[in-house]
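Novice:
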Amino acid sequence: MQGFGRWINVTWILLLGIFHSCFSNYSEDQCSWRGSGLSQQQGSVEQISLHCSEGTLDWLYPKGALRLTLTPRLAPMGAVGPGGGGSSGVITACVKPSEQFHGAQLYLERDGLLELLVGDRIESSPPPRVRCFSRTPGERLALFLQATPHQDISRRIATFRYELRGDWTARMSLDSNLISSENACRPCNDTEILMAVCTSDFVVRGNIRSVEEDETFRSAVIKVSATRVFRQKYTLFTGNSRLASRGEIRTLLQCGVKPGPGSFLFTGRVHFGEAWLGCAPRYKDFQRTYALAKAAQQIPCELPLD
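Counting in our numbering, the sequence shown runs from 41 upward without gaps.
#1: Measuring straight from C-alpha to C-alpha, what distance separates residue 340 and residue 334?
#2: Excluding the five sequence neighbours on either side, which residues of its own chain have a C-beta within less than 6 Å of the C-beta of residue 100, listed in chain order?
#3: If contact is defined by three or more beta carbon pairs under 8 Å, each pair taking one atom from either stretch, is the stretch 294-311 in contact with the stretch 320-327?
#4: Just the Cα atoms here: how many angstroms apart are residue 320 and residue 152?
#5: Taking Cβ positions, are residue 353 and residue 204 nearer each other than 8 Å?
#6: Pick out whichever of 155, 138, 134, 262 has its Cα sitting closest to the Cα of residue 93.
#7: Between the C-alpha atoms of residue 195 and residue 249, what's the straight-line distance to the nearest angstrom?
#8: If you draw a straight line from the alpha carbon of residue 253 to that of residue 234, how long is it in whole angstroms?
#9: Would a C-beta distance cut-off of 8 Å place residue 261 and residue 251 closer than the cut-off?
#10: Rounding to the nearest angstrom, what Cα-Cα distance links residue 145 and residue 189 in this structure?
#11: From residue 322 to residue 177, what does the alpha carbon distance come to, in whole angstroms?
#12: Apply the 10 Å Cβ neighbour rule to residue 87 and answer buried if 16 or more other Cβ atoms are within range, or exposed otherwise.
#13: Quick check on the burial criterion: 16 or more other C-beta atoms within 10 angstroms. Buried or exposed for residue 68?
#14: List the endpoints of the continuous alpha helix (DSSP H) containing residue 326.
#15: Within a Cβ cutoff of 8 Å, which residues of the same chain sit near residue 200, ignoring the five residues on either side of it in sequence?
#16: Please look up how many angstroms separate the CB atoms of residue 269 and residue 286, rounded, as I've assumed it's under 8 Å.
#17: For residue 108, does the count of other Cβ atoms within 10 angstroms reach 16, so buried, or fall short, so exposed?
#18: Of all Cβ atoms in chain D, is any one closer than 8 Å to the Cβ of residue 108?
#19: Quick one: what's residue 137 bridged to in DSSP?
#20: I need the straight-line Cα distance from residue 172 to residue 242, nearest angstrom please.
#21: For residue 156, write down the residues that DSSP places opposite it in a beta bridge.
#22: With distances taken from CA atoms, which of 72, 112, 74, 343 is nearest residue 245?
#23: Which residue marks the beginning of the beta strand (DSSP E) containing residue 307, and which one marks its end?
#24: Expressed to the nearest angstrom, what Euclidean distance is found between the alpha-carbon atoms of residue 183 and residue 130?
#25: From residue 227 to residue 297, what does the alpha carbon distance come to, in whole angstroms?
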């Protein structure tokens, strides 16, 4: 009987392991996590660690709490615009809750203190906004999700996307105060333009067709006709025309971008699937800057110009 009892204990351990694995899974690349509060005890805290610069977390039927540490391997990058610079070791992180974020509150844990980032939504509340924060070298940061008590948890799912970069500027971090709006909107100098050409997620020559305001996200949406796509990390500019592709680029609303004639070189970063403006000199000004730097053998990278 003693052996039988030992067999039962081992069986229960295996069953519990299988049960937990069904409701708690990392993605194969360790970038995302999906789990369920059904496998957690009330008051328990599950520790999660993700190792990518972007990914998602899906917490179904929240119960107890989750503590998420993000430890991405980020390559050092150069400046990509006003206030940029990845050499300082500062990492900027942003979280974007889903519009159906329910059942939990999301906190930033910084050196043992909690700061509320996203509250539990009620049906009538507006969609949650992107929240960003920075980590300096040596700081201990984590994200802490705490389930909120509800009678019915069946429809509650706390889901968000995250992104971390070592080279973002505040123009892409809508809720951070890394630099002033005035500094974020100023034109790039020659050094910043040349670095942006090398390090940006997209480098495009094009014209401004129109500019629309998006009050929800406090941004201006620049409608661009791209006559040449030098580089794009994601498919941002597409079209059937042989002469031009079309796409959208966002920037801060207070920068006051207006439509006008002329050709520009648009550079910037992709933020949760959307293009955000970095440097955007007039193309003729960029050509002059690039030619002078090339003659002085001071260009950080080559760009095949017309």
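All residues carry an ideal CB built from backbone N, CA and C; glycine is no exception.
Specialist: The answer reads as follows:
#1: Position 300 of the sequence shown, counted from the first residue, corresponds to residue 340. Position 294 of the sequence shown, counted from the first residue, corresponds to residue 334. A straight-line Cα-Cα distance of about 9 Å links residue 340 and residue 334.
#2: Position 60 of the sequence shown, counted from the first residue, corresponds to residue 100. Hits under 6 Å: 76, 197.
#3: Touching, yes.
#4: Residue numbering aside, residue 320 sits at position 280 when the sequence shown is read from its first letter. Residue numbering aside, residue 152 sits at position 112 when the sequence shown is read from its first letter. Taking the straight line joining both Cα atoms gives about 41 Å.
#5: It is not possible to answer for residue 353, since the shown part of the chain is limited to 41 through 346.
#6: As a first step, residue 93 must be located in the sequence shown, where it is residue number 53. Looking from the CA of residue 93, the closest CA among 155, 138, 134, 262 belongs to 134.
#7: Within the sequence shown, the letter at position 155 stands for residue 195. Within the sequence shown, the letter at position 209 stands for residue 249. The C-alpha of residue 249 is placed about 43 Å away from the C-alpha of residue 195.
#8: By 1-based counting over the sequence shown, the position of residue 253 is 213. By 1-based counting over the sequence shown, the position of residue 234 is 194. Rounded to the nearest whole angstrom, the CA to CA distance from residue 253 to residue 234 is 29 Å.
#9: Taking the first residue of the sequence shown as 1, we reach residue 261 at position 221. Taking the first residue of the sequence shown as 1, we reach residue 251 at position 211. Taking 8 Å as the Cβ cut-off, residue 261 and residue 251 qualify as a contacting pair.
#10: Here residue 145 refers to the residue found at position 105 of the sequence shown. Here residue 189 refers to the residue found at position 149 of the sequence shown. When rounded, the distance between both Cα atoms is 11 Å.
#11: Along the sequence shown, read from residue 1 onward, the residue named residue 322 stands at position 282. Along the sequence shown, read from residue 1 onward, the residue named residue 177 stands at position 137. If I take the Cα positions, the gap works out to 37 Å.
#12: Within the sequence shown, numbered from 1, the residue matching residue 87 stands at position 47. With fewer than 16 other Cβ atoms from the protein chains shown falling within 10 Å of its own Cβ, residue 87 counts as exposed.
#13: The residue labelled residue 68 in the question sits at position 28 within the sequence shown. Exposed, by the Cβ-count rule.
#14: Reading the sequence shown from its first residue, position 286 is the one you call residue 326. For residue 326, the uninterrupted alpha helix (DSSP H) run begins and ends at 323-335, by DSSP.
#15: Along the sequence shown, read from residue 1 onward, the residue named residue 200 stands at position 160. Here the set comprises 96, 97, 135, 136, 137, 138, 141, 146, 158.
#16: To locate residue 269, count along the sequence shown from 1; it is residue 229. To locate residue 286, count along the sequence shown from 1; it is residue 246. About 11 Å separates the two Cβ atoms, so there is no contact after all.
#17: Here residue 108 refers to the residue found at position 68 of the sequence shown. Buried, since its Cβ has 16 or more Cβ neighbours within 10 Å.
#18: The structure shown has no chain D; it contains just one protein chain.
#19: On the sequence shown, residue 137 is found 97 positions in, with the first residue counted as 1. Secondary-structure assignment with DSSP links residue 137 through a beta bridge to 200.
#20: Here residue 172 refers to the residue found at position 132 of the sequence shown. Here residue 242 refers to the residue found at position 202 of the sequence shown. Computed Cα separation, rounded: 22 Å.
#21: Translated into the one-based positions of the sequence shown, residue 156 becomes position 116. Residue 156 pairs with 147.
#22: For the purposes of this step, residue 245 is identified with residue 205 of the sequence shown, where counting begins at 1. The residue among 72, 112, 74, 343 with its C-alpha nearest the C-alpha of residue 245 is 343.
#23: To locate residue 307, count along the sequence shown from 1; it is residue 267. Residue 307 -> beta strand (DSSP E) spans 304-311.
#24: Along the sequence shown, one-based indexing puts residue 183 at 143. Along the sequence shown, one-based indexing puts residue 130 at 90. C-alpha separation (whole angstroms): 17 Å.
#25: Position 187 of the sequence shown, counting from 1, holds the residue named residue 227. Position 257 of the sequence shown, counting from 1, holds the residue named residue 297. It is roughly 12 Å from the alpha-carbon of residue 227 to the alpha-carbon of residue 297.
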